[in-house]
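This report concerns only the one structure given below.
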Amino acid sequence: LSLLRRPEQLFSATLMGSDIFIIAACALAEWLVVRYLPGAWSTVLSTVVMTLAVLVLAQILPKSFALRRSGFVALNSAYPLRIISSLFTPLIWLSETISRRIIRWLWRSDKAIPYISRKEIRMMISSSADSSRLHHQIRLMVDHIFDFSEVKLEEIMVRVDELVSLPLEATVGEAVELITERGFTRLPIYRRDKDNIIGVVIADDLLDVSGERRLLELIRIPQVVVKATSSQEVLQLLRRDLLRVAFVVEDEPERRGGGIHSGKVIGMVTLEDLIEEIVGDIWDEYDF
Numbered sequence: 001l002s003l004l005r006r007p008e009q010l011f012s013a014t015l016m017g018s019d020i021f022i023i024a025a026c027a028l029a030e031w032l033v034v035r036y037l038p039g040a041w042s043t044v045l046s047t048v049v050m051t052l053a054v055l056v057l058a059q060i061l062p063k064s065f066a067l068r069r070s071g072f073v074a075l076n077s078a079y080p081l082r083i084i085s086s087l088f089t090p091l092i093w094l095s096e097t098i099s100r101r102i103i104r105w106l107w108r109s110d111k112a113i114p115y116i117s118r119k120e121i122r123m124m125i126s127s128s129a130d131s132s133r134l135h136h137q138i139r140l141m142v143d144h145i146f147d148f149s150e151v152k153l154e155e156i157m158v159r160v161d162e163l164v165s166l167p168l169e170a171t172v173g174e175a176v177e178l179i180t181e182r183g184f185t186r187l188p189i190y191r192r193d194k195d196n197i198i199g200v201v202i203a204d205d206l207l208d209v210s211g212e213r214r215l216l217e218l219i220r221i222p223q224v225v226v227k228a229t230s231s232q233e234v235l236q237l238l239r240r241d242l243l244r245v246a247f248v249v250e251d252e253p254e255r256r257g258g259g260i261h262s263g264k265v266i267g268m269v270t271l272e273d274l275i276e277e278i279v280g281d282i283w284d285e286y287d288f
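End of the sequence shown = 288 in full-length UniProt numbering, gap-free, step of one.
Take a look at the structure:
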């Protein structure tokens with residue numbers, strides 16, 4: 001765990017240990033070849049042999065084995081890496097400091113650079129030998145997570161013409177009847193025209209309320225987002241929102257007195273809709 005908390009130190013220690021081993025091996029090989037096979041071709045021979053040996057034994061084979069047996073390699077190499085990291089702490093600190101300054105100078109930014117890319121994560125999961133159904137679902141979920149930022153809000157939301165809604169003048173009794181019949185947890189409310197959605201009522205708010213009361217007294221105004229807003233931003237917004245629902249409008253919404261928005265709603269999106277893009281189908285009240 002101490003290694004995982006500082007991935008840059010782990011990365012530096014691994015590279016430093018690998019480089020020291022390669023340099024020492026090359027020096028030893030050249031000394032042996034020069035001593036036991038003297039001649040004009042000794043240096044060339046040692047270079048060719050060690051190049052092939054390093055590529056196969058120090059690069060291709062270890063990395064291929066670690067990719068296929070990542071858990072085994074990680075557990076058995078953690079302690080040696082910790083010792084190496086402790087022994088070379090001054091050199092690691094110096095190399096990290098120099099690298100960080102060079103990167104800051106070249107890119108003019110202090111933004112952290114990830115040590116592993118999305119492409120590499122996908123490659124590691126795809127190359128795993130486990131072909132079980134569970135593993136397939138995990139791979140599918142990882143793909144959905146990475147693709148989520150590219151999914152437009154319009155592709156996720158439920159459009160206005162697909163919403164089951166009630167007029168502002170409807171009573172609590174009518175809402176309860178519709179909720180009971182369709183199994184809704186929230187109902188969009190419109191004024192005059194079904195395209196003019198202005199708020200929602202929540203099923204829990206209708207408990208122990210007189211059936212004769214008007215929905216106007218219980219209406220809630222959810223979050224309003226522009227359709228150009230990224231799905232990731234809306235997900236973060238709804239995670240912190242108690243209603244877990246947002247109206248999607250064409251342009252930047254304005255607010256009128258009483259809190260009811262003036263932007264025309266083109267759709268509604270819920271937290272469940274967004275999560276469904278990642279984990280797969282989740283039944284909700286708009287699935288038939």
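Glycine included, every Cβ here is placed at the ideal spot set by N, Cα and C. Predicted model only: the values in this text are computed from it and were never measured.
In the DSSP assignment, find the beta strand (DSSP E) that holds residue i and state where it starts and stops.
| i | result |
| --- | --- |
| Leu187 | 186-190 |
| Gln236 | Here Gln236 belongs to no beta strand (DSSP E); instead the alpha helix (DSSP H) covers 231-239. |
| Phe247 | 245-249 |
| Val269 | 265-270 |
| Val44 | Segment 42-53 is the alpha helix (DSSP H) holding Val44; no beta strand (DSSP E) there. |
| Gly211 | Here Gly211 belongs to no beta strand (DSSP E), and DSSP marks it neither H nor E. |
| Gln59 | No beta strand (DSSP E) holds Gln59; DSSP gives it neither H nor E. |
| Ile202 | 197-202 |
| Val224 | 223-226 |
Got a sec? Which residues, its chain only, sit under 7 Å from residue i by beta carbon, not counting five neighbours each side?
| i | result |
| --- | --- |
| Asp241 | Gln223 |
| Phe72 | none |
| Leu235 | Leu274 |
| Ser165 | Leu187, Pro188, Ile189, Tyr190, Lys194, Ile197 |
| Leu94 | none |
Thinking C-beta only, is residue j closer than 7 Å to residue i?
| i | j | result |
| --- | --- | --- |
| Val176 | Leu206 | yes |
| Asp195 | Val160 | yes |
| Ile103 | Val54 | no |
When you compare each of the options to residue i by their alpha carbons, which one comes out closest?
| i | options | result |
| --- | --- | --- |
| Gly217 | Val200, Leu28, Ser231, Arg82 | For the record, residue 217 in the displayed sequence is Glu; it is not Gly. Ranking Val200, Leu28, Ser231, Arg82 by Cα distance to Glu217 puts Val200 first. |
| Ile266 | Ile219, Val279, Leu163 | Leu163 |
| Val33 | Ile197, Val226, Leu45 | Leu45 |
| Ser12 | Ile92, Pro62, Glu181 | Ile92 |
| Leu215 | Met141, Thr270, Arg191, Leu168 | Leu168 |
| Val209 | Arg182, Ile20, Leu178, Thr171 | Thr171 |
| Ala203 | Glu233, Leu187, Asp19, Asp273 | Leu187 |
| Ile156 | Gly211, Val54, Leu274, Phe88 | Leu274 |
| Pro62 | Arg182, Ala27, Thr14, Thr180 | Thr14 |
Where do the N-terminal and C-terminal ends of the alpha helix (DSSP H) with residue i fall, by residue?
| i | result |
| --- | --- |
| Gly183 | Where Gly183 is concerned, there is no enclosing alpha helix (DSSP H), given that its DSSP letter is neither H nor E. |
| Ile156 | 153-156 |
Nearest-angstrom Cα distance between residue i and residue j?
| i | j | result |
| --- | --- | --- |
| Gly173 | Lys264 | 28 Å |
| Ser86 | Met16 | 12 Å |
| Thr97 | Met268 | 49 Å |
| Val151 | Ser230 | 8 Å |
| Trp25 | Trp31 | Sequence check: residue 25 is Ala here, not Trp. The straight-line gap from Cα to Cα measures roughly 10 Å. |
| Val249 | Leu106 | 42 Å |
| Ala228 | Glu277 | 18 Å |
| residue 362 | Thr51 | The chain is shown from 1 up to 288; residue 362 falls before or after that span and cannot be answered. |
| Gly258 | Arg191 | Annotation note: pLDDT 43 at Gly258 (below 50); position unreliable, coordinate value reported separately. Taking the straight line from one Cα to the other gives about 14 Å. |
| Val279 | Phe146 | 12 Å |
| His144 | Ser42 | 55 Å |
| Val56 | Phe65 | 12 Å |
| Leu10 | Leu81 | 8 Å |
| Pro38 | Val48 | 16 Å |
| Asn76 | Asp251 | 56 Å |
| Ser99 | Pro90 | 14 Å |
| Ala58 | Arg68 | 16 Å |
| Ile138 | Ala74 | 21 Å |
| Ala78 | Arg182 | 56 Å |
| Thr180 | Gly211 | 14 Å |
| Ile60 | Leu243 | 53 Å |
Tell me which residues share the same chain as residue i and place their Cβ nearer than 8 Å to its Cβ, disregarding the 5 neighbours each side in the sequence.
| i | result |
| --- | --- |
| Leu237 | Gln223, Val225, Ala246 |
| Ile260 | Residue placement at Ile260 is poorly supported in this model, since its pLDDT is 44, which falls under 50; the coordinates are not used for a value here. |
| Ile219 | Leu168, Ile189, Ile198, Gly199, Val200, Val201 |
| Arg239 | Leu271 |
| Leu140 | Gly280 |
| Arg101 | none |
| Pro178 | The question names Pro, yet the displayed sequence has Leu at residue 178. Once the five neighbours on either side are set aside, the close Cβ partners of Leu178 are Val164, Leu166, Phe184, Leu187. |
Report yes or no: is there a C-beta of chain B within less than 7 Å of the C-beta of residue i?
| i | result |
| --- | --- |
| Val160 | Among the chains in the structure shown there is no chain B, since it carries only a single protein chain. |
Within a Cβ cutoff of 6 Å, which residues of the same chain sit near residue i, ignoring the five residues on either side of it in sequence?
| i | result |
| --- | --- |
| Ser149 | Gln232 |
| Ala29 | Ser46, Met50 |
| Tyr36 | none |
| Phe88 | Met16 |
| Glu154 | Lys227 |
| Asp19 | none |
| Arg213 | Val172 |
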